[in-house]
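Notes to accompany the following structure.
Residue numbers (the working numbering), protein chains in the order written: chain S, 27 to 566; chain H, 27 to 566.
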């Protein structure tokens with residue numbers, strides 16, 4: 027089964043008909059939601075979370091066909107193959123084993139005949155010990171002071187997932203350690219961080235699988251110069267998270283500790299590996315990181331085992347395909363009604379858009395349906411006062427609302443207009459999906475709401491480490507299920523290569539100019555030459 | 027001239043033909059950019075910034091027709107009417123005079139016969155004096171300590187613009203005052219802030235035009251309770267920015283100072299009024315805020331006076347219309363290659379999507395072309411390692427790249443691979459638009475880049491206060507120019523009302539339940555009832 031045959035499937039044809047039917051005026055969401063058992067029929071609980079898709083533009087026949095399509099594309103079997111270590115990243119000839127990072131079962135997962143769970147467990151053991159030694163003060167900086175800040179040097183998948191989790195669980199940070207992210211090669215990022223840290227008490231975590239990422243190398247170079255200029259020994263302020271045998275895992279370049287990344291875990295799926303494990307254990311404590319992993323494992327097991335029609339990430343993926351390919355929505359909002367989830371949307375933006383923004387199937391043929399959508403979002407209610415005007419009266423886009431039953435702070439019970447702030451937040455969380463779905467007519471056209479705007483609502487019990495793990499796994503699994511429908515590879519990212527190659531040429535030209543001020547940029551195209559000349563002249 | 031006639035304009039018809047022509051294989055961007063004078067013909071300098079649209083999918087004929095369309099829609103005249111105080115916000119029967127906040131000319135701008143520049147100037151004078159008194163220590167908290175933190179309580183337009191500017195100019199913050207934003211009614215937002223401030227040295231700035239915004243009132247209530255619980259006098263820790271005569275401007279509710287908002291400035295356009303002026307002057311100093319205003323004024327004058335075909339925001343607006351209505355891109359990325367501009371995209375997201383996410387023209391008739399687009403973005407190079415896979419090989423969307431010739435930090439000159447970090451950043455800024463435009467063929471389909479993906483590049487000399495003002499004004503003017511083409515009102519936001527009304531009903535039901543635990547939610551629809559029951563039960 028490959029991507030080219032997708033549109034030939036009978037379910038695909040039937041779903042096109044479904045989309046026509048669901049677009050008739052009598053199937054407007056305002057009518058669909060009137061059914062008394064709408065929520066019961068179009069919601070699921072599993073893996074510790076609740077998924078309400080009653081405000082999606084679907085009916086029973088649509089869902090039935092979507093689940094048939096999931097079966098026809100063999101989604102669950104592909105998912106289990108992924109979890110068991112088969113080569114699912116075909117273009118790079120690798121397995122994709124992020125789920126192994128939180129597999130606490132005693133089974134074997136074999137890669138090239140070797141069970142890899144022990145090497146993952148070993149990394150966790152090393153992380154636990156290292157974090158403990160930092161927290162106890164056994165490991166200190168080169169001037170004998172305890173560490174109070176960690177700076178993660180890493181970009182893309184080397185920090186976005188970690189940033190999502192550290193922001194979500196900031197209320198749990200009680201180890202006296204602050205966390206900072208030095209991702210961008212932009213010196214403003216570096217300059218801003220060194221205003222906020224004390225170099226004597228700062229530990230730098232350099233994260234790069236290949237240890238060749240230009241941004242990460244340049245920032246590491248700056249950090250080393252900075253430490254040396256302050257009389258510090260960088261080898262006692264630095265750890266690396268990198269592939270075995272990379273330049274970052276080189277005994278001639280000593281560091282406090284070096285943790286391993288593995289080929290079978292891609293950057294954007296790596297937060298449950300040492301990539302997230304090292305900084306999160308330092309910031310939050312190893313136990314919090316482990317609780318997060320257990321939550322992710324629970325959802326992984328649900329994704330692998332729950333029947334198709336009871337499977338939360340699979341159902342969410344099929345609705346995504348429906349919204350994308352049959353209702354033709356180009357974008358998707360992620361709106362958590364919980365400020366600590368402020369970095370969820372940027373993480374899922376990378377996870378989804380880098381995984382599924384593809385034009386070519388696993389078989390090398392062009393995919394002739396739309397694949398990944400544009401993901402964006404901000405926390406609610408903030409978003410209501412920002413871009414929800416467009417969501418209600420402009421170009422429609424589906425939304426994932428996310429709610430949390432119990433907040434991390436339960437001590438603020440002051441009532442305003444008779445409700446707590448948390449209740450006020452929920453009054454909005456409850457109202458927005460319904461307002462988008464139902465709309466409202468009015469004699470004044472400017473006050474008309476066309477409605478019929480789809481959304482799902484995901485509920486978590488709380489924002490515990492385990493719940494954050496569940497939410498992460500939910501979106502990771504949803505993403506790969508979507509890719510399995512489209513027949514694309516969600517684990518490669520060849521689309522980032524061309525820009526890198528071209529930047530390398532420009533960098534070389536700049537380096538020549540730095541060496542010799544007479545060097546012109548005449549070999550560059552005229553547009554690039556203009557920009558180069560402007561930069562070196564210092565003004566517009 | 028109204029929105030309904032838009033599609034009947036001869037230019038509209040010709041532009042449809044243009045779009046067909048530009049979509050032919052021989053007009054792929056990779057050929058267009060080959061022309062030696064491409065950049066000269068498709069770039070502009072003015073108002074202190076540079077706009078390169080050579081990588082947009084336009085040719086001379088397209089631009090000519092777009093400028094003709096701008097003339098046919100009377101864009102510049104409408105803009106000057108706006109600046110001179112005419113009623114351009116017709117649904118609310120008000121002028122839209124954000125430009126008056128940075129009008130340092132000595133002319134009159136009359137609203138209902140009264141010159142309003144003096145009242146704006148008076149607010150600036152009050153802000154300057156108040157900020158000076160706080161900085162000098164003349165005004166202190168109720169326990170006699172100097173203020174070291176300000177917390178802005180305000181949501182949407184009451185903080186997004188200020189947050190953009192304070193983040194952009196953070197390097198200028200030398201007044202010993204930190205700034206925090208309490209926007210979300212979510213208690214996590216409040217809980218997080220009070221972990222970071224000392225209440226004795228904190229000044230709260232409550233910003234709401236009507237002083238009825240539920241989120242702002244609830245957060246103010248929490249803040250007052252919190253101050254009182256710490257033995258502080260809230261009246262000596264609070265200022266308000268609100269409409270004259272609102273409940274926030276009531277002598278029976280004393281505060282340190284109350285600053286005025288005016289009906290003729292809408293929230294999302296208000297950062298150059300007291301809404302931005304009070305917090306920014308406290309955080310950065312009044313002089314920095316004033317320099318920001320002067321930069322904005324320079325771009326306002328450019329937008330009002332430069333001929334259509336030399337006018338940067340107008341040209342950018344016409345390209346936006348082209349991309350939206352003729353090339354049918356549903357979304358637009360904003361990618362600043364400058365970390366301090368991290369909050370530009372969220373601000374422009376609100377500015378554009380709340381202004382132009384409309385379905386109805388000024389005349390009350392439905393607009394039959396697509397209006398506002400979906401705006402999203404993150405700083406580069408971060409975005410390259412996040413969602414640029416999709417930008418290069420998935421669903422195409424136009425991008426505004428933004429570059430800064432001179433960084434705020436110029437002391438980091440360490441070379442990596444022969445270049446500074448700032449040069450490395452620019453190597454990427456130069457490469458990405460060209461890679462998107464040109465693409466690349468390859469025998470391996472997974473490594474093919476279709477190219478033909480449009481972008482503009484905006485350059486600033488530096489990230490000075492004046493440059494930030496220029497950039498703000500550029501996007502504000504671009505937004506209203508787009509609206510003038512479509513014939514919609516970019517100053518109202520009726521689309522946010524339905525959700526508010528529905529939330530009010532839910533809030534009342536919750537308040538009743540808080541009063542009487544026997545109160546059920548049987549009058550709510552079954553879906554909302556489920557969510558209410560879940561919240562009050564405390565678990566899924």
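Glycine is no exception: its CB is placed at the ideal position from the N, C-alpha and C atoms.
Taking the alpha-carbon of residue i as reference, which of the options has the nearest alpha-carbon?
i: residue 351(S); options: 491(S), 509(S), 243(S); result: 509(S)
i: residue 567(H); options: 512(H), 472(H), 551(H); result: Nothing about residue 567(H) can be read from this structure; chain H reaches only from 27 to 566.
i: residue 473(S); options: 326(H), 519(H), 238(H); result: 519(H)
i: residue 364(H); options: 457(H), 56(H), 467(H), 489(H); result: 489(H)
i: residue 96(H); options: 342(H), 448(H), 442(H); result: 342(H)
i: residue 80(H); options: 64(H), 86(H), 71(H), 73(H); result: 64(H)
i: residue 651(S); options: 170(S), 244(S), 194(S), 151(S); result: There is no way to answer for residue 651(S), as the model of chain S reaches only from 27 to 566.
i: residue 57(S); options: 464(S), 482(S), 191(S), 533(S); result: 464(S)
i: residue 132(H); options: 110(H), 391(H), 427(H), 453(H); result: 110(H)
i: residue 190(H); options: 493(H), 467(H), 51(H), 77(H); result: 493(H)
i: residue 502(S); options: 565(S), 412(S), 375(S), 389(S); result: 375(S)
i: residue 428(H); options: 498(H), 390(H), 442(H); result: 498(H)
i: residue 570(H); options: 75(H), 38(H), 53(H); result: With chain H represented from 27 up to 566, any question about residue 570(H) goes unanswered, as that position is not in the structure.
i: residue 20(H); options: 82(H), 42(H), 32(H), 67(H); result: Because chain H spans 27 through 566 in this model, residue 20(H) falls outside it and cannot be assessed.
i: residue 195(S); options: 273(H), 184(H), 214(H), 420(H); result: 214(H)
i: residue 43(S); options: 67(S), 77(S), 85(S); result: 85(S)
i: residue 261(S); options: 269(S), 270(S), 274(S), 268(S); result: 274(S)
i: residue 187(S); options: 373(S), 462(S), 307(S); result: 373(S)
In this structure, what does DSSP give as the bridge partners for residue i?
i: residue 362(H); result: 428(H)
i: residue 518(H); result: Its beta-bridge partners do not exist; DSSP assigns none.
i: residue 230(H); result: 177(H), 264(H)
i: residue 245(H); result: Its beta-bridge partners do not exist; DSSP assigns none.
i: residue 21(H); result: The displayed coordinates of chain H run from 27 to 566. Any statement about residue 21(H) would go beyond what the structure contains.
Is residue i close to chain S, meaning its C-beta is less than 8 angstroms from at least one C-beta of that chain?
i: residue 21(H); result: Beyond the ends of chain H as shown, which are 27 and 566, falls residue 21(H); an answer cannot be given.
i: residue 257(H); result: no
i: residue 478(H); result: no
i: residue 40(H); result: no
i: residue 28(H); result: No answer about residue 28(H) holds up, because its pLDDT of 46 lies below 50 and its placement is not dependable.
i: residue 512(H); result: no
i: residue 404(H); result: yes
i: residue 557(H); result: yes
i: residue 62(H); result: yes
Looking at the C-beta of residue i, does it have a partner C-beta in chain H at a distance below 8 angstroms?
i: residue 413(S); result: yes
i: residue 217(S); result: yes
i: residue 496(S); result: no
i: residue 54(S); result: no
i: residue 243(S); result: yes
i: residue 536(S); result: yes
i: residue 143(S); result: no
i: residue 518(S); result: yes
i: residue 206(S); result: no
i: residue 452(S); result: yes
DSSP state of residue i, grouped into three classes?
i: residue 250(S); result: helix
i: residue 392(H); result: strand
i: residue 72(S); result: strand
i: residue 5(S); result: Any property of residue 5(S) remains undetermined from this structure, which presents chain S solely from 27 to 566.
i: residue 206(S); result: strand
i: residue 138(H); result: coil
i: residue 195(S); result: coil
i: residue 486(H); result: strand
i: residue 162(S); result: helix
Counting only runs that start and end within the stretch 407-482 of chain S, where is the beta strand (DSSP E) found for 3 or more residues in a row? 425-432
Which parts of the stretch 302-380 of chain H are runs of the beta strand (DSSP E), unbroken and 3 residues or longer, counting only runs that do not cross its ends? 357-362
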